[in-house]
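Here my numbering is used: the first residue of the sequence shown is 80, the next is one more, and so on.
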Amino acid sequence: MMTPMIPPILNFATGNLGGAELVEKSTTLADLQGLFADPHAEAVLSPDTQLYRVAMLPGNGGEGDLNMGVTYLEAGRVGQEFFMTRGHIHARAEQAEYYFGLCGRGLLLLQDMAGVCLLEQVFPGSVHHIPGHVAHRLVNTGETLLSALAVWPAIAGHDYNAMGECGFAVRVLAGEDGMPHLVTSDQQGM
Ligand code: PA5
Ligand code: NI
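Below, the structure written as structure tokens:
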């Protein structure tokens, strides 16, 4: 009798992915230099500060295959601005993606090719369809680690330059009460 194999395991309560050899990528503040609005606040922090890491199951990368990975985004701020991922549009821009909130609280910032932004709340159990041609970025607005599962076509790729100099039209800053509020590029003079 064939013994069923134990597949990789995602702990939905903690966001921990295990049981497989993972491909891991860590992103520090230095990697995102100049992305946050306040350069003085950025200078106060160590460039080695880890903002997030992504743990991925290795895929074969071929046409028709799917990638899956979990993003672990630390809680914290650069000045008033909440920690966030770099954000990207897919190199094959028409390719869509799903995000699923696992633990922590945050926002998913979506921006279409016309520069129109949409925000969705991310929380344990939240489901996010990211259509093709839509740039996406996670923002941790909570006080604990934010983790989210992503599933996307292996051929999609990541384009970190397509957004151009202006980047996303909306930033998420903490108000005086510590709660997130949105600032548009017009308000920031970006
Ligand atoms: O594929 C995705 O959209 C995610 O796995 C992201 O790559 C991850 O959240 C890290 O963000 P970024 O690629 O913008 O640095
Ligand atoms: Ni993506």
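Backbone N, C-alpha and C define an ideal beta-carbon position, used for all residues, glycine too.
Any non-hydrogen atom of ligand 2 within 7 Å of residue i CB
{"i": "Glu176", "result": "yes"}
{"i": "His74", "result": "Outside the shown range of the chain, which is 80 to 269, sits residue 74, and nothing can be said about it."}
{"i": "His274", "result": "There is simply no residue 274 to check, as the chain begins at 80 and stops at 269 in what is shown."}
{"i": "His212", "result": "no"}
{"i": "His169", "result": "yes"}
C-beta atoms of residue i and residue j nearer than 8 Å
{"i": "Thr106", "j": "Leu136", "result": "no"}
{"i": "Thr128", "j": "Thr150", "result": "no"}
{"i": "Leu224", "j": "Cys196", "result": "no"}
{"i": "His237", "j": "His169", "result": "yes"}
Where residue i falls, given that 16 or more other Cβ within 10 Å makes a residue buried
{"i": "Tyr178", "result": "buried"}
{"i": "Gly113", "result": "exposed"}
{"i": "Asn139", "result": "exposed"}
{"i": "Ala227", "result": "buried"}
{"i": "Pro232", "result": "buried"}
{"i": "Gly268", "result": "Confidence is the limiting factor: at Gly268 the pLDDT is only 41, short of 50, which leaves the residue's position unreliable, though a coordinate-based value still follows. Exposed."}
{"i": "Arg171", "result": "exposed"}
is_contact[residue i, chain B] using C-beta, thresh 8 Å
{"i": "Gly141", "result": "Among the protein chains of the structure shown there is no chain B, as only one such chain exists."}
Anticipated Cβ contact below 8 Å, residue i with residue j, distance rounded
{"i": "Ala235", "j": "Gln174", "result": "4 Å"}
{"i": "Val157", "j": "Phe202", "result": "Actually they are not in contact, since the Cβ atoms of Val157 and Phe202 sit about 23 Å apart, beyond 8 Å."}
{"i": "Gln159", "j": "Leu252", "result": "4 Å"}
{"i": "His215", "j": "Leu188", "result": "7 Å"}
{"i": "Val191", "j": "His212", "result": "Checking the sequence, you will find Asp at residue 191 rather than Val. Correct: roughly 6 Å between the Cβ atoms."}
Check: residue i C-beta below 7 Å from any heavy atom of ligand 1
{"i": "Val218", "result": "no"}
{"i": "Gly166", "result": "yes"}
{"i": "Thr107", "result": "no"}
{"i": "Val157", "result": "no"}
{"i": "Val249", "result": "no"}
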